[in-house]
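Peer 1: Taken in sequence, the protein lines are chains X and P.
Mapping of the first sequence onto the working numbering: residues 1 to 150, in sequence order.
Mapping of the second sequence onto the working numbering: residues 1001 to 1150, in sequence order.
Number of protein chains: 2
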Amino acid sequence: MKKTGLTLFVAVMLGSSPVGMAQAKPDYAIRYRQSVYTAILWNYLPMGDMVRGKTPYDKAAFALRAERVAALTPMLLEGFPKGSDRGAKTEAKPNIWSDFADFSAKMKSFETESKTLATVSAAGDLEKIKTQFAKVSETCKSCHSKFKTD
Amino acid sequence: MKKTGLTLFVAVMLGSSPVGMAQAKPDYAIRYRQSVYTAILWNYLPMGDMVRGKTPYDKAAFALRAERVAALTPMLLEGFPKGSDRGAKTEAKPNIWSDFADFSAKMKSFETESKTLATVSAAGDLEKIKTQFAKVSETCKSCHSKFKTD
């Protein structure tokens, strides 16, 4: 963990977390949301490899990763508070905040489809999994094409 | 998301994720585990503020964050593959890998206690929550003091 994280962690242990929380600070929000995306990606890529037959399909492993992604996606939205369009390096476009209703709706689709993927993955029908995996990927692309810089 | 993340994400969309996954690469593992810690901390700090009365106790908010932390902690261990003691800047000590049994046990305690915290938090008895929150914090401290540089 970076020094900032450590310092905060130690502060928690000592019962002296920063007044008012650093939560609202743009840099912290940016770091948080990028972290959640990183964790999503870490789990999503091996699923993609299985879906495409690059690695053997492993029902339990796939279901676990799908469950993790479904747990992570609802954590994203609060990583985009107003004012976090700038600060640390970010690929978030300003239209996220000027069109937050659509951004939220797209994020909600990501949550919903990834939750369905977790359910489908637990059942273990690879063809159905492939279809649902593609739907999740579509929600990624739909949001990125409008709200994320290249 | 950083460029690396973006590139990988696009690769997934295009059906061409890197051969053999970047999963095992030390830098990627380090970035992943730091990301999971960041996400844990983001949720843990507001819980700490409530436990200490710095912010009003909000049963639903607390329970949600506790549930998230419980979902995140089991994601940590795979972020410590062999060879990831060096690469990107890391505060992980080399003894993690020379004493991996103890490291894993401590991580398991973190998982177990945070899962219990989620259960206790859903019930909403603040005194019990405080006790269990302290137990989780103890598992953090116990692991950090042995396996993490200052």
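C-beta: ideal position from N, C-alpha, C; glycine also.
Take THR149/X as the anchor and find which of LYS128/X, ASP85/X, ARG52/X has the nearest alpha-carbon.
Peer 2: Residue 149/X sits at position 149 when you count from the first residue of the first sequence. Checked all of LYS128/X, ASP85/X, ARG52/X; the closest Cα to THR149/X is ASP85/X.
Peer 1: Assuming MET50/X and ASP58/X form a contact by the criterion Cβ under 8 Å, report the distance between their Cβ atoms to the nearest whole angstrom.
Peer 2: For the purposes of this step, residue 50/X is identified with residue 50 of the first sequence, where counting begins at 1. For the purposes of this step, residue 58/X is identified with residue 58 of the first sequence, where counting begins at 1. Confirmed, about 7 Å.
Peer 1: Pull the bridge partners of LYS54/X from the DSSP assignment, please.
Peer 2: As a working mapping, residue 54/X is identified with position 54 in the first sequence. Per DSSP, none; premise fails for LYS54/X.
Peer 1: Below 7 Å CB to CB, which residues in the same chain sit around ARG1031/P once its five sequence neighbours on both sides are set aside?
Peer 2: One-based indexing of the second sequence puts residue 1031/P at position 31. Correct list, in chain order: ALA1088.
Peer 1: Does the contact criterion of 3 or more C-beta pairs under 8 Å hold for the segment 1062 to 1080 of chain P versus the segment 60 to 76 of chain X?
Peer 2: The answer is yes - the segment 60 to 76 of chain X touches the segment 1062 to 1080 of chain P, with three or more Cβ pairs under 8 Å.
Peer 1: Which residue marks the beginning of the alpha helix (DSSP H) containing GLU1127/P, and which one marks its end?
Peer 2: Your numbering for residue 1127/P matches position 127 in the second sequence. Per DSSP, GLU1127/P belongs to the alpha helix (DSSP H) from 1126 to 1147.
Peer 1: If you measure from the CB of ASP99/X, is any heavy atom of the ligand NAD nearer than 7 Å?
Peer 2: For the ligand NAD, the structure offers nothing, since it holds no ligand at all.
Peer 1: Using a C-beta cutoff of 8 Å, does THR1073/P count as contacting chain X?
Peer 2: Reading the second sequence from its first residue, position 73 is the one you call residue 1073/P. Answer no: the Cβ-Cβ gap between THR1073/P and chain X never drops below 8 Å.
Peer 1: Output needed for ASP1102/P: all residues of its chain with C-beta closer than 8 Å, excluding positions within five of it in sequence on either side, in chain order.
Peer 2: In the second sequence, the residue the question calls residue 1102/P occupies position 102. Excluding positions up to five away in sequence, the list reads LYS1146.
Peer 1: Between GLY83/X and ARG33/X, is the Cβ-Cβ spacing less than 8 Å?
Peer 2: Your numbering for residue 83/X matches position 83 in the first sequence. Your numbering for residue 33/X matches position 33 in the first sequence. No, Cβ-Cβ distance for GLY83/X and ARG33/X is not below 8 Å.
Peer 1: Decide if GLU1127/P is buried, meaning its Cβ has at least 16 other Cβ atoms within 10 Å, or exposed.
Peer 2: As a first step, residue 1127/P must be located in the second sequence, where it is residue number 127. Counting Cβ neighbours within 10 Å, GLU1127/P comes out exposed, since fewer than 16 surround it.
Peer 1: In whole angstroms, give me the CA-to-CA distance for PRO1056/P and MET1107/P.
Peer 2: In the second sequence, the residue the question calls residue 1056/P occupies position 56. In the second sequence, the residue the question calls residue 1107/P occupies position 107. Roughly 30 Å between the two C-alpha positions.
Peer 1: Closest to SER104/X by CA distance: which of TYR44/X, LYS135/X, PRO81/X is it?
Peer 2: Residue 104/X sits at position 104 when you count from the first residue of the first sequence. Checked all of TYR44/X, LYS135/X, PRO81/X; the closest Cα to SER104/X is PRO81/X.
Peer 1: Any idea if ASN215/X is buried or exposed, counting beta-carbon neighbours within 10 angstroms, 16 or more meaning buried?
Peer 2: No answer is possible for residue 215/X: the residues shown for chain X start at 1 and end at 150.
Peer 1: Out of CYS1143/P, GLU1138/P, SER1137/P, which one is the CA nearest neighbour of ASP1099/P?
Peer 2: By 1-based counting over the second sequence, the position of residue 1099/P is 99. With distances taken between Cα atoms, ASP1099/P lies closest to CYS1143/P.
Peer 1: Pick from LYS1135/P, ILE1096/P, ALA1039/P: whose alpha carbon is nearest that of TYR28/X?
Peer 2: The sequence position of residue 28/X within the first sequence is 28, counting from 1. Checked all of LYS1135/P, ILE1096/P, ALA1039/P; the closest Cα to TYR28/X is ALA1039/P.
Peer 1: Going by other Cβ atoms of all chains shown within 10 Å of its Cβ, with 16 needed for buried, is THR1139/P buried or exposed?
Peer 2: As a working mapping, residue 1139/P is identified with position 139 in the second sequence. That one is buried.
Peer 1: Given a cut-off of 8 Å, decide if ALA63/X and SER114/X are closer than it, judged by their beta-carbon atoms.
Peer 2: On the first sequence, residue 114/X is found 114 positions in, with the first residue counted as 1. On the first sequence, residue 63/X is found 63 positions in, with the first residue counted as 1. No; because the gap between Cβ atoms is not below 8 Å, this pair is not in contact.
Peer 1: Using only CA atoms, which one of TYR1037/P, ALA1060/P, LYS1093/P, GLU1111/P lies nearest to LYS1135/P?
Peer 2: By 1-based counting over the second sequence, the position of residue 1135/P is 135. For LYS1135/P, the nearest C-alpha among the options comes from GLU1111/P.
Peer 1: Less than 8 Å between the beta carbons of SER1137/P and SER35/X, yes or no?
Peer 2: Taking the second sequence and counting its residues from 1, the one referred to as residue 1137/P is at position 137. Taking the first sequence and counting its residues from 1, the one referred to as residue 35/X is at position 35. No, they are not a contact pair.
Peer 1: List, in order along the chain, the chain X residues whose C-beta lies closer than 7 Å to that of ALA1039/P?
Peer 2: Here residue 1039/P refers to the residue found at position 39 when the second sequence is read from its first residue. Going along chain X in sequence order, the residues near ALA1039/P (Cβ under 7 Å) are TYR32, SER35, VAL36, ALA39, MET75.
Peer 1: Does the beta carbon of TRP1153/P come closer than 8 Å to any beta carbon on chain X?
Peer 2: As shown, chain P starts at 1001 and ends at 1150. That puts residue 1153/P outside it, with no answer to give.
Peer 1: Starting from the beta carbon of ARG1068/P, find every residue of chain X whose beta carbon is closer than 8 Å, and list them in chain order.
Peer 2: Against the second sequence, residue 1068/P aligns to sequence position 68. Those within 8 Å of ARG1068/P in chain X are ALA71, MET75.
Peer 1: For the alpha helix (DSSP H) that contains ARG68/X, what are its first and last residues?
Peer 2: Numbered from its first residue, the first sequence carries residue 68/X at position 68. Here the alpha helix (DSSP H) through ARG68/X covers 59 to 72.
Peer 1: Give me whichever residues DSSP pairs with ALA123/X in a beta bridge.
Peer 2: On the first sequence, residue 123/X is found 123 positions in, with the first residue counted as 1. None, per the DSSP bridge assignment.
Peer 1: Over what stretch of residues does the alpha helix (DSSP H) that includes SER1098/P continue unbroken?
Peer 2: For the purposes of this step, residue 1098/P is taken as the residue at position 98 of the second sequence. Residues 1095 to 1098.
Peer 1: Who are the near neighbours of GLY1124/P in its chain, counting only those whose CB is closer than 6 Å to its CB and skipping five residues on each side?
Peer 2: On the second sequence, residue 1124/P is found 124 positions in, with the first residue counted as 1. So the list reads LYS1059, once near-sequence residues are dropped.
Peer 1: Go ahead and label THR131/X buried or exposed: buried means 16 or more other beta carbons lie within 10 angstroms of its beta carbon, across all protein chains shown.
Peer 2: The residue labelled residue 131/X in the question sits at position 131 within the first sequence. Classification for THR131/X: exposed.
Peer 1: For LYS93/X, I'd like the list of residues in its chain whose CB is within less than 7 Å of its CB, leaving aside the five on either flank, ordered along the chain.
Peer 2: Reading the first sequence from its first residue, position 93 is the one you call residue 93/X. Counting only Cβ-Cβ distances below 7 Å, and skipping sequence neighbours, we find PHE147, LYS148, THR149.
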